[in-house]
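Mind the numbering: the sequence shown is residues 5 to 231 in my numbering, read in order.
Below is one structure; the comments refer to it alone.
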Amino acid sequence: MLAADNLPLTNYPVSRKIERYAGSYSVALSARLVRFSLRHVRSYARQRDGDGKPWGEQPRRRESFLAFRDLMELRVARALHKIGIPWHEVCHFARYDAKKLGNKDHVLSHHRFLTHDRQVFKHDPAELKSLTAPIEYDEQGIPIRWNISQEWNIAAPDAVVVIDPRLSFGSPVLCGCYVPTYILHQALLAEDGDYHTVAEDYEVRVTQVQLAHRFETMLWEDYAISS
């Protein structure tokens, strides 16, 4: 077993492919992860399919759950709406015109769209291209891992938070040791803020506990999500 001070930041090889419904995120959690308004996320989920089902709806209770690929779509949809494209046009493209680009499923999140096909909206903003930076893609250009701490600009030199649907059911985890951030956050609260004790208990670095705490605090704090 690796010593706590020698945990690598590089990704461990993960061979499992991401299924369409991998990951599980409520509409409310999706809005917080993507930093988008709850109204738009709920609207997006309702408009994705003609039968009214969300993009990655899973059969549990009465609440709709989104998948990892849905989060990737919502990031781009938010950026398109932010640069002035009407919301109904974004939804219309995602729902009806995806086949024109030869990719039926989650076309907005595809690497090709962000680097080339984004011009279909007659916009060529650098902001869209920059959306690829925190994302790791597979050989087909499909997003498979999200460095969310990089996107939120809170990554530390030796601590990174990633979302990978093949790990911990898609919960945000620390890269390298892959401990879910919410576990470290809750442990820290139970230990009255003793970072060193939590780091020793979970065999991680203090800086990783600090990042997990900061991430979870930002995730659940009250803030005004832009519309």
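Glycine included, every Cβ here is placed at the ideal spot set by N, Cα and C.
Check, Outcome
"Decide if the stretch 172-189 is in contact with the stretch 211-219; the criterion is three or more beta carbon pairs, one per stretch, under 8 Å apart.", "yes"
"Under the three-state reduction of DSSP, which class applies to Phe219: helix, strand or coil?", "helix"
"Pull up the DSSP beta-bridge partners for Tyr141, would you.", "Pro147"
"Grouping DSSP H, G and I as helix and E and B as strand, with all else coil, what is Ala32?", "helix"
"For a minimum of 4 consecutive residues, which ranges assigned as the alpha helix (DSSP H) are wholly contained in the stretch 153-228?", "185-194, 199-206 and 210-224"
"How is Leu70 classed by DSSP in three states: helix, strand or coil?", "strand"
"Taking C-beta to C-beta, are Met76 and Ser113 nearer than 9 Å?", "yes"
"Count the other CB atoms, across all protein chains shown, that sit within 10 Å of the CB of Arg82; report buried if there are 16 or more and exposed otherwise.", "buried"
"Sorted by chain position, which residues of the same chain lie with C-beta nearer than 8 Å to Ser175's C-beta, five sequence neighbours on each side aside?", "Ile167, Pro184, Thr185 and Tyr186"
"Does Gln144 pass the burial test, meaning 16 or more other C-beta atoms within 10 Å, or should it be called exposed?", "exposed"
"Round the Cβ separation of His120 and Tyr141 to the nearest angstrom and send it over; I've been treating them as touching at under 8 Å.", "Going by Cβ atoms, the distance from His120 to Tyr141 rounds to 14 Å, so no, they are not a contact pair."
"Excluding five sequence neighbours on each side, which residues of the same chain lie with their C-beta closer than 7 Å to the C-beta of Ala160?", "Thr211 and Leu215"
"Quick one: Cα of Val177 to Cα of His85, how far?", "29 Å"
"Just mark Pro240 as buried or exposed, buried being the case when its beta carbon has 16 or more other beta carbons within 10 Å.", "For the chain, the structure presents residues 5 to 231; residue 240 sits outside this window and is missing."
"Step through the CB atoms of chain D and report whether any lies within less than 9 Å of the CB of Leu223.", "Among the chains in the structure shown there is no chain D, since it carries only a single protein chain."
"Please classify His110 as buried or exposed, where buried requires at least 16 neighbouring CB atoms within 10 angstroms.", "buried"
"Just verifying my parser: in three-state terms, what is the DSSP assignment at Ser231?", "Reliability fails at Ser231, whose pLDDT of 45 lies under 50, so the model's placement of it is uncertain and the value that follows must be treated cautiously. In the structure shown, Ser231 sits in coil (DSSP, three-state: anything other than H, G, I, E or B)."
"Pull up the distance between the alpha-carbon of Leu171 and that of Tyr182, whole angstroms please.", "8 Å"
"Taking C-beta to C-beta, are Ser34 and Asp74 nearer than 9 Å?", "yes"
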